[in-house]
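Notes to accompany the following structure.
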Amino acid sequence: MSGPLGIDEHLAYARLDLDRVTPHEAHEAAREGAVLVDTRPEFQRAADGTIPGALIIERNHLEWRCDPSSGASVPEATGRDVRWIVLCDEGYASSLAAASLRAIGLPRATDLAGGFQAWRAAGLPVTPPAR
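Residue numbers (full-length UniProt numbering): 1 to 131.
What follows is the structure in structure tokens.
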């Protein structure tokens with residue numbers, strides 16, 4: 001490609017290597033040891049609720065918290081083979097975040113297609129909003 005990409009092209013490019021998962025696939029993967037990571041800002045979590053058991057890491061800290069060699073990693077960052085499933089509100093920013101995790105050497109990172117909204121629409125467990 002020549003010239004700068006627009007956001008639609010950038011998003012499509014980021015998703016090329018992602019094995020994006022559906023809400024039910026993410027739910028099952030979490031039961032099998034994958035780590036669900038909710039990157040939504042606090043105001044969205046307060047308004048809509050959260051996924052029980054999901055790790056809360058806002059987007060601006062994601063790479064440092066998931067990289068086991070960063071010195072600022074979460075306990076779940078036990079190695080480069082962790083299966084991270086990133087979610088945002090609707091599944092756009094999470095694709096870019098998962099691609100960034102792959103770029104820093106976390107090859108099993110992916111995202112939840114449709115994000116939190118798809119999870120909730122699928123009838124999967126959600127904590128009540130803080131309203």
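Positions of the beta carbon are idealized from the N, C-alpha and C atoms, including for glycine.
Every value quoted in this text rests on a predicted model; they were computed, and no experiment measured them.
Looking only at C-alpha atoms, which of Leu62, Arg120 and Gly115 sits nearest to Leu106?
Translated into positions along the sequence shown, residue 106 becomes position 106. Among Leu62, Arg120 and Gly115, the Cα nearest to that of Leu106 belongs to Leu62.
What's the gap between the Cα of Gly6 and the Cα of Val74?
On the sequence shown, position 6 is the one that residue 6 refers to. On the sequence shown, position 74 is the one that residue 74 refers to. If you take the alpha carbons of Gly6 and Val74, they lie about 33 Å apart.
In DSSP terms, what Asp38 is bridged to:
As a working note, residue 38 is residue 38 in the sequence shown. In the DSSP output, where bridge partners are listed per residue, Asp38 has Ile56 and Leu87.
If you follow the alpha helix (DSSP H) that Pro23 is in, where does it begin and where does it stop?
As a working note, residue 23 is residue 23 in the sequence shown. It spans Pro23 to Arg31 - the alpha helix (DSSP H) in which Pro23 sits, taken as one unbroken run.
If we count Cβ pairs, one from each stretch, closer than 8 Å, do we get three or more for the segment 82-92 versus the segment 35-47?
yes
Three-way DSSP call (helix, strand, coil) for Asp19 in this model
Numbered from its first residue, the sequence shown carries residue 19 at position 19. Looking at Asp19 - three-state DSSP - the assignment turns out to be coil, as it is neither helix nor strand.
Check this for me: beta carbons of Ala26 and Ala98, under 9 Å apart or not?
Looking up residue 26 in the sequence shown gives position 26. Looking up residue 98 in the sequence shown gives position 98. No, the Cβ-Cβ distance between Ala26 and Ala98 is not below 9 Å.
Asp67, DSSP secondary structure in three states:
Looking up residue 67 in the sequence shown gives position 67. Asp67 falls in the coil class under three-state DSSP.
Between Asp81 and Arg102, is the Cβ-Cβ spacing less than 9 Å?
Position 81 of the sequence shown holds residue 81. Position 102 of the sequence shown holds residue 102. Not closer than 9 Å, so no.
Measuring only the C-alpha atoms, how far is Gly123 from Leu18?
For the purposes of this step, residue 123 is taken as the residue at position 123 of the sequence shown. For the purposes of this step, residue 18 is taken as the residue at position 18 of the sequence shown. Cα-Cα distance, rounded: 24 Å.
Judging by CA-CA distance, which residue of Glu32, Ile56 and Glu28 is the nearest neighbour of Arg40?
In the sequence shown, the residue the question calls residue 40 occupies position 40. That would be Ile56, whose Cα lies nearest to the Cα of Arg40.
Grab me the residues of Pro23's own chain with a C-beta within less than 6 Å of its C-beta, minus the 5 sequence neighbours each way, in chain order.
Along the sequence shown, read from residue 1 onward, the residue named residue 23 stands at position 23. These residues qualify, in order along the chain: Ala118, Trp119, Ala122 and Leu124.
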